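Chains as they are written, first to last, in the working numbering: chain X, 382 to 772; chain Z, 13 to 383.
C-beta atoms are modelled at their ideal positions from N, C-alpha and C, and glycine is treated no differently.
Computed from a predicted model, the values in this text were never measured in an experiment.
What follows is one structure encoded as structure tokens, with my remarks underneath.
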Amino acid sequence: MDNLEQFRAETREWLDANCPDDMRQPMRSEDDQCWGGRNWVFASEGQQLWMERMAAKGWTAPRWPAEYGGGGLSGDEAKVLGEELARIGARRPLSSFGLDMLGPALLLHATEEQKRQYIPDIINGKIRWCQGYSEPNAGSDLASLRTKAEDMGDHYLINGSKVWTSYADKADWIFCLVRTNFDCPKHEGISFLLFDMASEGVSTKPIKLISGTSPFCETFFDNVQVPKAQLVGTLNKGWEIAKYLLTHERAMIGGFGLAGGGMKGMGQMAAAKRGTRDGRLRDTSLRAETTAFELDEMAFGLTIERITDETKAGQGTGASSSILKMYGTELNKLRQELFMAIGSTDALNFDTDSKGALVRSWLRSKANSIEGGTTEVQLNIIAKRILGLPA
Amino acid sequence: MVMILNEEQQLLKDSAKAFLSESAPISGLRAMRDAGEDQLPELWTKMSEMGWPGMVIPDAYSGLDFGYVGAGVVLEEMGRTLALSPFLSSAVVAATLINQLGSEQQKETYLPRIATGEITAVLAADETGFFDLADIATQATPSDNGYILSGSKRGVIDGHNADLLLIVTDGEEGLSVFAVEPSASGVSCETRLIVDSQRAADISLETVSVGSDALLGTLGGASEALEFTIDVAAACSAAEMLGISIETFERTVGYLKEREQFGSKIGTFQGLQHRAAQLFAEIEVSKSAVLGALQALDANSEKRSILASMAKAKCAKVVRNATEEGVQMHGGIGMTDEFDIGFFMKRAAVCRQAYGDYHFHADRFARLRGY
Numbered sequence: 382m383d384n385l386e387q388f389r390a391e392t393r394e395w396l397d398a399n400c401p402d403d404m405r406q407p408m409r410s411e412d413d414q415c416w417g418g419r420n421w422v423f424a425s426e427g428q429q430l431w432m433e434r435m436a437a438k439g440w441t442a443p444r445w446p447a448e449y450g451g452g453g454l455s456g457d458e459a460k461v462l463g464e465e466l467a468r469i470g471a472r473r474p475l476s477s478f479g480l481d482m483l484g485p486a487l488l489l490h491a492t493e494e495q496k497r498q499y500i501p502d503i504i505n506g507k508i509r510w511c512q513g514y515s516e517p518n519a520g521s522d523l524a525s526l527r528t529k530a531e532d533m534g535d536h537y538l539i540n541g542s543k544v545w546t547s548y549a550d551k552a553d554w555i556f557c558l559v560r561t562n563f564d565c566p567k568h569e570g571i572s573f574l575l576f577d578m579a580s581e582g583v584s585t586k587p588i589k590l591i592s593g594t595s596p597f598c599e600t601f602f603d604n605v606q607v608p609k610a611q612l613v614g615t616l617n618k619g620w621e622i623a624k625y626l627l628t629h630e631r632a633m634i635g636g637f638g639l640a641g642g643g644m645k646g647m648g649q650m651a652a653a654k655r656g657t658r659d660g661r662l663r664d665t666s667l668r669a670e671t672t673a674f675e676l677d678e679m680a681f682g683l684t685i686e687r688i689t690d691e692t693k694a695g696q697g698t699g700a701s702s703s704i705l706k707m708y709g710t711e712l713n714k715l716r717q718e719l720f721m722a723i724g725s726t727d728a729l730n731f732d733t734d735s736k737g738a739l740v741r742s743w744l745r746s747k748a749n750s751i752e753g754g755t756t757e758v759q760l761n762i763i764a765k766r767i768l769g770l771p772a
Numbered sequence: 013m014v015m016i017l018n019e020e021q022q023l024l025k026d027s028a029k030a031f032l033s034e035s036a037p038i039s040g041l042r043a044m045r046d047a048g049e050d051q052l053p054e055l056w057t058k059m060s061e062m063g064w065p066g067m068v069i070p071d072a073y074s075g076l077d078f079g080y081v082g083a084g085v086v087l088e089e090m091g092r093t094l095a096l097s098p099f100l101s102s103a104v105v106a107a108t109l110i111n112q113l114g115s116e117q118q119k120e121t122y123l124p125r126i127a128t129g130e131i132t133a134v135l136a137a138d139e140t141g142f143f144d145l146a147d148i149a150t151q152a153t154p155s156d157n158g159y160i161l162s163g164s165k166r167g168v169i170d171g172h173n174a175d176l177l178l179i180v181t182d183g184e185e186g187l188s189v190f191a192v193e194p195s196a197s198g199v200s201c202e203t204r205l206i207v208d209s210q211r212a213a214d215i216s217l218e219t220v221s222v223g224s225d226a227l228l229g230t231l232g233g234a235s236e237a238l239e240f241t242i243d244v245a246a247a248c249s250a251a252e253m254l255g256i257s258i259e260t261f262e263r264t265v266g267y268l269k270e271r272e273q274f275g276s277k278i279g280t281f282q283g284l285q286h287r288a289a290q291l292f293a294e295i296e297v298s299k300s301a302v303l304g305a306l307q308a309l310d311a312n313s314e315k316r317s318i319l320a321s322m323a324k325a326k327c328a329k330v331v332r333n334a335t336e337e338g339v340q341m342h343g344g345i346g347m348t349d350e351f352d353i354g355f356f357m358k359r360a361a362v363c364r365q366a367y368g369d370y371h372f373h374a375d376r377f378a379r380l381r382g383y
């Protein structure tokens with residue numbers, strides 16, 4: 382048995398013993414995710430055990446260095462772990478913007494002291510982070526942001542506001558883009574700050590979406606004092622970190638395009654609901670649309686695998702996150718449309734209990750191609766940075 | 013499985029690219045067409061000298077045993093230059109069927125000769141033009157010393173040049189395959205010029221008497237091998253379409269960077285930029301579809317058929333889009349015969365239909381997925 386197969390056997394055994402039964406059931410909705418953080422209330426004992434056990438092995442962040450509490454796994458080992466988790470239909474132990482966005486940026490740009498201070502709490506799910514990027518007048522044109530940080534000697538003084546801050550009302554800390562120089566081209570006066578959302582002067586106001594839920598907030602900063610040690614990277618050079626982090630955000634959102642683990646395929650669900658004739662889905666128009674969707678869904682899943690493998694082998698293209706983001710979100714919107722079609726008029730139910738989950742999820746998905754850079758912005762990036770089309 | 017080419021496969025791809033751009037440029041295809049011909053025998057001779065006809069044939073039968081990923085990367089490069097040859101029909105599809113179905117003796121008889129390029133073989137299955145193996149009327153009736161074959165086959169590409177026809181019959185026992193020489197009494201062949209300057213053969217079999225050794229495998233026992241062969245044909249034809257998509261796209265993007273209208277390069281217009289970016293993403297996704305399907309063939313994975321039909325359907329759709337946009341974005345010049353982009357659209361039309369079109373494979377995919 383080679384090392385990798387031994388790792389697989391050990392992993393399988395450990396997962397069998399440590400993954401609670403209720404964490405092997407498919408998630409029914411976004412509400413089943415575990416976000417961690419200072420104020421998190423676990424939905425079940427299983428959810429808590431699962432997060433804590435995985436975090437203790439560093440497997441909430443399998444590829445991060447072990448010295449900061451990560452799993453320290455090689456690319457191949459991480460792939461095996463992923464396969465073994467998928468095999469038992471295990472839920473993700475911890476959903477986290479710290480894991481998906483901030484952590485990779487800190488590992489690359491933060492000081493040793495900052496890494497030791499922030500990364501373990503991300504891995505353990507102790508601190509829940511939110512992202513302070515968009516502003517009322519800086520959406521697609523993010524670099525024109527105006528929230529300012531003034532140098533007050535021993536600290537920065539923050540004034541301004543953010544919008545579309547996901548879960549700002551539930552987060553413990555924020556990673557925030559601020560303007561530290563107004564007298565220069567817009568990309569060159571931005572800095573990257575970390576601060577506690579419990580700081581004096583921070584307030585949030587949830588934004589009610591068309592789905593009736595409020596995953597986003599407006600976030601206000603009124604004379605918030607931030608110690609200078611909480612600046613990441615170089616003053617006025619925050620845009621580079623911001624962009625690097627965005628590639629991770631896009632890859633994460635693009636992942637919405639993947640088929641859900643442990644779920645039946647769209648076509649089988651449609652067949653169960655609408656019936657079959659001679660083994661084929663009875664509604665031929667629905668069958669054609671579903672088939673086109675499943676073809677793309679499968680090809681997209683393989684694309685994520687291929688790009689992951691290429692990146693591991695040092696053949697990555699860098700701008701591929703824009704392709705995944707654009708494609709994955711459009712695919713997820715189509716998936717939600719098909720869920721609605723299959724769901725019949727029952728799917729229109731807007732009750733606040735689980736009966737209304739389908740329609741809310743459909744409405745929520747419309748934001749996928751807006752948040753994290755719109756589909757149109759991704760197309761601009763592909764056209765300019767990959768294809769080299771002239772400006 | 014790691015979704016990158018191994019060193020050997022990458023070398024093969026690089027050398028195929030170098031060879032084809034040198035030896036099979038589009039200008040050669042154009043000259044062939046203008047001379048009223050329908051094949052490039054010198055190109056096939058050169059490919060044979062390199063051993064390409066034995067690409068998927070096992071070592072034991074003098075093949076290169078490169079597997080389907082190997083065949084696929086070569087076909088992708090062939091798609092880029094529109095290299096015309098019986099590589100797909102004989103070296104990949106027919107060789108696969110013989111290797112899957114034939115007895116040891118039949119394999120020894122045919123495969124080494126296919127591997128050297130000495131003979132070509134071709135699958136003659138389709139009778140409806142829709143590649144539906146459920147619709148085969150050609151029959152094999154047992155006779156004193158073998159079988160009598162009667163029926164007809166339609167639109168067989170490379171059929172009129174092949175040295176061996178693999179005739180699919182249906183009957184109470186199920187599907188069977190017979191290896192028939194076109195010179196056999198009762199076999200006749202009419203050819204039609206098709207859109208990419210090749211010829212397709214309509215083959216008629218009138219009480220063709222063959223020996224019992226012409227039957228590949230057992231009577232009625234060909235279903236499984238034919239399904240595998242369809243998977244191979246689908247995935248490999250997808251690889252060729254991928255090459256066509258990539259090349260057409262690169263030429264089109266080159267034109268966007270060059271052509272000026274309204275005082276600007278047309279590539280500065282967002283309306284065109286977004287369509288180009290969209291198409292690029294689709295091509296990236298079809299690359300993964302092709303590699304996933306080819307690897308599943310080499311691994312003989314249980315998801316093989318689903319992935320093969322997925323790849324064929326996906327690439328058929330993308331190559332249609334790529335060639336349409338190729339002509340559209342070139343504007344008027346894209347519609348002229350003098351300009352090469354139309355050649356890609358024409359070959360793509362043939363590849364899209366070969367071995368089952370989008371609708372055939374989308375339907376097969378859905379059935380295999382249980383709906």
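### Task
May I ask which residues mark the beginning and end of the alpha helix (DSSP H) holding X:Lys496?
Glu493 to Ile504
### Task
Compile a chain-ordered list of the residues in the segment 314-325 of chain Z whose CB is closer than 9 Å to at least one CB of chain X.
Ile318, Leu319, Ser321, Met322, Ala323 and Ala325
### Assumed close pair Z:Leu306, Z:Gly66 - CB separation to whole angstroms, cut-off 8 Å
So it is not a contact: roughly 18 Å between Cβ atoms.
### For X:Phe556, the first and last residue of its enclosing beta strand (DSSP E)
Trp554 to Arg560
### Task
Give the residues of chain X in contact with Z:Ile16, contact being defined as C-beta atoms less than 8 Å apart.
Arg687, Asp690, Glu691, Ala694 and Gln696
### Under 7 Å from the C-beta of X:Pro501: neighbouring residues of chain Z
Under the 7 Å cutoff, chain Z gives no residues; its nearest Cβ is about 32 Å from X:Pro501.
### Query
Is any beta-carbon of chain Z found at less than 8 Å from that of X:Gly646?
Chain Z contact via Cβ: present.
### Task
Could you tell me which residues DSSP pairs with X:Arg658 in its beta bridges?
X:Arg661
### Task
Grab the span of the alpha helix (DSSP H) containing Z:His172 for me, first residue to last.
Careful: Z:His172 lies outside any alpha helix (DSSP H) and carries neither H nor E.
### Message
Quick check on DSSP: helix, strand or coil for X:Gly513?
### Response
strand
### Query
Is any beta-carbon of chain Z found at less than 8 Å from that of X:Pro517?
no
### Task
Compute the beta-carbon to beta-carbon distance between Z:Gly304 and Z:Glu89, rounded to the nearest angstrom, for a pair I have assumed lies under 8 Å.
Not a contact, Cβ separation roughly 19 Å.
### Task
Check whether the Cβ atoms of X:Ala694 and Z:Ile16 lie closer than 8 Å to each other.
yes
### Query
How about the segment 666-676 of chain X and the segment 734-743 of chain X: do they share at least three Cβ pairs that are nearer than 8 Å?
no
### Contacts of X:Pro771 in chain Z (Cβ-Cβ under 7 Å)
Lys269, Lys277, Gly279 and Thr280
### Query
In terms of residues, what are the limits of the alpha helix (DSSP H) holding X:Thr615?
Where X:Thr615 is concerned, there is no enclosing alpha helix (DSSP H), given that its DSSP letter is neither H nor E.
### Task
Please check if any C-beta of chain Z sits within less than 8 Å of the C-beta of X:Thr657.
Interface flag for X:Thr657 against chain Z is set, since a Cβ pair is found closer than 8 Å.
### Query
Taking Cβ-Cβ distances shorter than 9 Å, what residues in chain X pair up with Z:Ala247?
At a C-beta separation below 9 Å, Z:Ala247 has no neighbours in chain X, since its nearest C-beta there lies roughly 13 Å away.
### Message
Could you tell me which whole alpha helix (DSSP H) segments of length 4 or greater appear in the segment 64-141 of chain Z?
### Response
Secondary structure within the segment 64-141 of chain Z: the alpha helix (DSSP H) runs of 4 or more consecutive residues, fully enclosed, are 79-93, 107-113 and 116-128 (chain order).
### Message
Buried or exposed for Z:Val207, going by 16 or more other Cβ atoms inside 10 Å?
### Response
exposed
### Task
Determine the chain X residues that contact Z:Phe292 at a beta-carbon separation under 8 Å, and present them in chain order.
Those are Ile704, Ile763, Ile767 and Leu768, listed as they occur along chain X.
### Query
How should Z:Leu205 be labelled, buried or exposed, when 16 other C-beta atoms within 10 angstroms of its C-beta is the threshold for buried?
Label assigned to Z:Leu205: exposed.
#### Entry: the segment 125-141 of chain Z in contact with the segment 101-114 of chain Z per 3-pair CB rule at 8 Å
yes
### Query
Which term fits Z:Glu139, buried or exposed, when burial requires 16 or more other beta carbons within 10 angstroms of its beta carbon?
By the Cβ-count criterion, Z:Glu139 is buried, with 16 or more other Cβ atoms from all chains shown falling within 10 Å of its own Cβ.
### Task
Tell whether a beta-carbon distance below 8 Å holds between Z:Arg287 and Z:Glu337.
yes
### Message
If you reduce the DSSP assignment to three classes, tell me which class X:Leu425 lands in.
### Response
In the sequence under discussion, the amino acid at residue 425 of chain X is Ser, which differs from the Leu named in the question. X:Ser425: coil per DSSP, three-state reduction.
### Bridge partner(s) assigned by DSSP for Z:Thr181
Z:Ser188
#### Entry: Coarse secondary structure for Z:Ser197, derived from DSSP in three states
coil
### Query
When DSSP labels each residue in this structure, what does X:Asp532 get in the three-state scheme?
Under the three-state reduction of DSSP output, X:Asp532 falls in the strand class.
### Message
Using C-beta distances below 8 Å, list every residue in its chain close to X:Gly451, excluding the 5 sequence neighbours before and after it, in chain order.
### Response
Gly439, Ala442, Pro443, Arg444, Trp445, Ile500 and Ile504
### Message
For a cutoff of 8 Å on Cβ pairs, would you count Z:Phe142 as touching chain X?
### Response
no
### Message
At the level of alpha carbons, what is the spacing between X:Asp397 and X:Glu465?
### Response
10 Å
### Query
When you compare only the Cα positions, how much space is there between Z:Asp170 and X:Ile685?
38 Å
### Query
Once you ignore the five residues that flank X:Leu483 on each side, which residues in its own chain have a CB closer than 6 Å to its CB?
Trp510 and Phe556
### CA nearest to the CA of Z:Ala212, picked from Z:Val199, Z:Ala234, Z:Ser224 and Z:Gly167
Of the residues Z:Val199, Z:Ala234, Z:Ser224 and Z:Gly167, the one whose Cα lies closest to the Cα of Z:Ala212 is Z:Gly167.
### Query
Per DSSP, which one or two residues make a beta bridge with Z:Tyr159?
Z:Pro154 and Z:Val222
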